[in-house]
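The C-terminal position of the sequence shown is numbered 457 in the working numbering, with every residue numbered one higher than the one before it.
All C-beta atoms, glycine included, are put in the ideal place defined by N, C-alpha and C.
All values derive from a computational prediction rather than experimental measurement.
Below you'll find the structure, written out as structure tokens, and then a few comments.
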Amino acid sequence: MTDSVPAGAPSGRPIRVVVWGENRHEQVNPVVQGIYPDGMHTTIARGITGHLGDRAVVTTRVLEDPEHGMTDELLAETDVLVWWGHAAHDEIDDRVVDRIHAHVLEGMGIIVLHSGHHSKIFRRLMGTTCSLRWRNDRDRELVWTVSPTHPIAAGVPQPLIIPAQEMYGEFFDVPEPDELVFISSFSGGEVFRSGITYRRGYGKVFYFSPGDEIFPVYHDPNIQRVIANGVEWAHTDRPRTSYLVTPMYLTGRFDTPVLESDDGLIDYHTREPVDFGDDPA
């Protein structure tokens, strides 16, 4: 990435955003090629930049990049990851999924779009099948804001009208959301929890459902606004840190998580030896 500021730096620098696109439909489907000649990921990235301006530095990665573009070095310098996938979920290396999951727990925000509900990373974060009802028959979608004071809903029309879109309907097999921001209704009478948020470890998760590849959804300025709002919401100035999993705390040392090793106690974060002496207090 072009921004070399260390992860966890204080506010005052742009939000570092990576838009990940599967980039598979754009290579084989002439309809998708006509709508997104530079790739869906590029259109999504331009929409974020168009709304956030110099408040964000946005780059892109795709499936065919080495390690799918999701190196540990890149993720360590990413504030918010935006993920769109559909046809190649099973091609994602499980080691990359483990890596992304760890960075979310440590504080990286993630926005999962449309068919990304079945991505390995979203299912890992949710712990469920993430299955839903669907029908691709050019349904009109109305996106209703049900949490008008939520930052992700700022400036979004009520309702947000998508003239043609794939229908996603309930039941959506996800855990109860921390926050329900949007509900969509369709011409067939179905409804869907189309904008939901979660906290996982120190990271924030936003799922937003509009965005089937055969419709120009990501060219819509209002859809772009929702995603840009999601980026700002998912970003945190909290320094990136290891997510604590079963550390030990000694009496009187409640700010110092430690682990046991063959050589004695080690600091949970640094894995360096620690010596509290005879008196832990």
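If Ala404 and Val256 are in contact, beta carbons under 8 Å, what's the gap, nearest whole angstrom?
The pair is not a contact, with the Cβ atoms about 10 Å apart (cut-off 8 Å).
I'd like the list of long-range same chain contacts for Val357, defined as Cβ closer than 6 Å, with 5 residues on each side in sequence excluded.
So the list reads Ser323, His326, Ile328, Ala329, Gly371, once near-sequence residues are dropped.
The beta strand (DSSP E) with Leu356 in it runs from where to where?
Leu356 -> beta strand (DSSP E) spans 355-362.
What first and last residue would you give for the beta strand (DSSP E) that runs through Phe384?
Where Phe384 is concerned, the enclosing beta strand (DSSP E) stretches over 379-384.
Under 7 Å Cβ to Cβ from Arg376, same chain only, skipping five residues before and after it: list those, please.
Correct list, in chain order: Val280, Leu281, Leu301.
Express the C-alpha separation of Met246 and Asp313 in angstroms, rounding to a whole number.
Approximately 34 Å between the Cα atoms of the pair.
Taking the beta carbon of Met424 as the centre, do at least 16 other beta carbons fall within 10 Å, making it buried, or is it exposed?
Per the 10 Å Cβ criterion, exposed.
Should Gln203 go down as buried or exposed, given a rule of 16 or more other Cβ atoms within 10 Å for buried?
It is exposed - the Cβ of Gln203 has fewer than 16 other Cβ atoms within 10 Å.
Among Phe384, Arg231, Asp214, which one has its Cα closest to the Cα of Arg237?
Arg237 has its Cα closest to that of Asp214, out of Phe384, Arg231, Asp214.
Return the Cβ separation of His293 and Tyr383 in integer angstroms, given the expectation that the two are a contact with Cβ distance under 8 Å.
7 Å between Cβ atoms; contact.
Could you give the distance in angstroms between the alpha-carbon of Pro353 and the alpha-carbon of Trp259?
Distance between the alpha carbons of Pro353 and Trp259: 19 Å.
State the Cα-Cα distance for the pair Ile268 and Gly453, rounded to the nearest angstrom.
Between Ile268 and Gly453, the C-alpha separation is close to 48 Å.
Would you call the CB atoms of Ala252 and Val193 closer than 7 Å?
Cβ distance not < 7 Å, so Ala252 and Val193 don't count as in contact.
Taking buried to mean at least 16 other C-beta atoms within 10 Å of its own C-beta, is Val288 buried or exposed?
Val288 should be labelled buried.
Whole angstroms are fine: how far does the CA of Tyr394 sit from the CA of His262?
The alpha-carbon atoms of His262 and Tyr394 are separated by roughly 15 Å.
Let me know if Phe430 comes out buried or exposed under the rule of 16 or more other beta-carbons within 10 Å of its beta-carbon.
It counts as exposed.
Is Met177 helix, strand or coil by DSSP?
With a pLDDT of 33 at Met177, under the threshold of 50, the predicted position of this residue should be treated as unreliable, and no value is reported.
Are the CB atoms of Gly223 and Gly285 within a distance shorter than 7 Å?
Result no, Cβ atoms of Gly285 and Gly223 do not sit closer than 7 Å.
Given a threshold of 16 other Cβ atoms within 10 Å of its Cβ, counted over all protein chains shown, does Ala457 qualify as buried or as exposed?
Caution applies to Ala457, whose pLDDT of 49 falls short of 50 and renders its modelled position unreliable; the model cannot decide the point.
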